[in-house]
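Below is one structure, written out as structure tokens; comments come after it.
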Amino acid sequence: MKNLLNENLFTLNNKIAKVKKMEREPTGIPGMDKLIQGGIPKNSVSLISGSPGTGKSIYSLQFLKEGAKNQDQRCLYISFEEEPESIINQAEGFGWNPKELQATRKLKIIYNDITKRMLGENETYVDIIKGQIEKYNPDRLVIDSLTPLSNLPVSFEELSQYGLATDFDRFSPIGIQQDLLIRLQMHKLINIVRDAGCTSLLISEVKKNSEWMSADHVSEFLSDNVILLRYPGGNIKRTLKVEKMRGTNHYEDEAAMDITEEGIKIKQLEEQFK
Ligand SMILES: Nc1ncnc2c1ncn2[C@@H]1O[C@H](COP(=O)(O)OP(=O)(O)OP(=O)(O)O)[C@@H](O)[C@H]1O
Ligand SMILES: [Mg+2]
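Structural data, given as structure tokens:
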């Protein structure tokens, strides 16, 4: 009996030690790490969600700047939205010296122009992203954003690749299956990102006051963490809310967020009104 008790105690202590030992990535965003017990869990997948102009790209860039500049990590920004020049200008405006970080190969920015890039036979953007991650092998990764991936038209060939269409379907409407394919693609992408051994932020755009937290309506369930940026109106211009963070305790209210000359800063509401 005593042995059994000791054994159980040993397992429990081990579990506590493991929880305590969860490695964290400091975000480099003043006030943020305090909301999430010291940083984003290492190797987790976070969805950064919000309507246009809420600060998703700046937040993600600041996270990479922290990795590249202060943690000696390799940081990869895969953009489907903005061209590299515009991202670099933005970062320079905040005084983050992106060109220096690029020169030391700590920061890599890749732009996938969906209006120009031709996909190969049976190739999808998920395959392209996989190749880019494998080639650079980052410690921190940002994909800005997932939205074009969930809006691209899906061909009959892609549907058959997933076993969702047969020759019989070639001439019939495939609306519902297309939706399913987008979900499968997001599933595949998030698994690839999770297996890549890096800490990643995936950006998703949502309409103001949307009940969903992503454009594809599925990545919020697949991601480990969800961070929602908002313009609530009224006294507080911008807010950030940790909607979920697996395996960690977190501040559950909306926190006030500011974009300043040095980048994003977060304040808990009780601090805000002191
Ligand atoms: N130097 C600055 N000082 C204060 N606010 C700034 C500064 N630079 C940008 N902003 C604010 O940040 C907003 C843009 O942030 P960001 O590009 O991260 O938004 P986003 O959520 O990525 O938008 P989108 O969905 O359009 O890509 C601007 O609309 C502006 O309000
Ligand atoms: Mg953006």
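Heads up, the sequence shown is in my numbering, so the first residue is 3 and it goes up one at a time. The beta-carbon is built from N, C-alpha and C at its ideal position, and this holds for glycine as well.
Nearest residue (CA-CA) to residue i, options the options
i, options, result
"Leu103", "Met120, Gln64 and Leu186", "Gln64"
"Ser147", "Gly69, Ala217 and Met259", "Ala217"
"Leu151", "Val220, Gln92, Arg107 and Lys210", "Val220"
"Asn45", "Arg248, Ala105 and Arg119", "Arg248"
"Glu256", "Glu263, Thr241, Gly52 and Ile268", "Thr241"
"Gly97", "Lys71, Gly122 and Lys137", "Lys71"
"Cys77", "Lys36, Glu83, Asp169 and Gln134", "Gln134"
"Gly40", "Met24, Pro54 and Leu49", "Met24"
"Gly55", "Thr250, Tyr233, Asn193 and Gln187", "Tyr233"
"Leu154", "Met120, Arg26 and Tyr138", "Met120"
"Glu136", "Arg26, Lys36, Thr106 and Arg196", "Arg196"
"Phe223", "Glu68, His189, Glu27 and Pro43", "His189"
"Glu263", "Gly95, Gln187, Ile42 and Val244", "Gly95"
"Lys118", "Glu83, Gln92, Asn91 and Ala105", "Glu83"
"Ser202", "Glu213, Gly235, Thr250 and Ser225", "Ser225"
"Gln73", "Ala105, Glu87, Ala93 and Arg26", "Arg26"
"Ile229", "Lys101, Asn99 and Met259", "Met259"
"Glu68", "Glu87, Thr126 and Leu109", "Leu109"
"Gly199", "Pro43, Gln92 and Pro28", "Pro43"
Beta strand (DSSP E) segment containing residue i, residue limits
i, result
"Tyr113", "Leu109 to Tyr113"
"Tyr79", "Cys77 to Ser81"
"Lys269", "Gly265 to Lys269"
"Gly52", "Val47 to Gly52"
"Leu143", "Arg142 to Asp146"
First and last residue of the uninterrupted alpha helix (DSSP H) at residue i
i, result
"Tyr127", "Tyr127 to Tyr138"
"Gly30", "Taken as a continuous stretch (DSSP letters only), Gly30 belongs to no alpha helix (DSSP H), as it is neither H nor E."
"Leu121", "Careful: Leu121 lies outside any alpha helix (DSSP H) and carries neither H nor E."
"Leu154", "Looking at the DSSP string, Leu154 is not in any alpha helix (DSSP H), and its letter there is neither H nor E."
"Leu103", "Pro100 to Ala105"
"Ile38", "Run containing Ile38: none; DSSP gives neither H nor E here."
"Lys58", "Lys58 to Asn72"
"Glu87", "Pro86 to Gly95"
Sub-7 Å separation of residue i and residue j beta-carbons
i, j, result
"Ile261", "Gly57", "yes"
"Ile89", "Ile111", "yes"
"Ile60", "Ile266", "yes"
"Thr149", "Glu207", "yes"
"Tyr113", "Ser81", "yes"
"Ser51", "Asn227", "no"
"Leu66", "Arg142", "yes"
"Ile192", "Gly33", "no"
"Ile116", "His252", "no"
"Tyr79", "Val128", "no"
"Ile184", "Lys132", "no"
"Gln163", "Asn139", "no"
"Ser53", "Lys210", "yes"
Ligand 2 heavy atom lying under 6 Å from the CB of residue i
i, result
"Lys58", "yes"
Heavy atom of ligand 1 within 6 Å of residue i beta-carbon
i, result
"Pro32", "no"
"Glu68", "no"
"Pro54", "yes"
"Ile261", "yes"
"Glu125", "no"
"Glu207", "yes"
Cβ-heavy atom distance, residue i to ligand 3, below 6 Å
i, result
"Ile89", "In terms of ligand content, the structure shown lacks ligand 3 and carries ligand 1 and ligand 2 instead."
**Q.** Sequence ranges, beta strand (DSSP E) only - wholly within the stretch 182-269, length at least 3
**A.** Under the rule that a run must span 3 or more residues, the beta strand (DSSP E) segments found entirely inside the stretch 182-269 read 201-207, 227-232, 240-247, 257-262 and 265-269.
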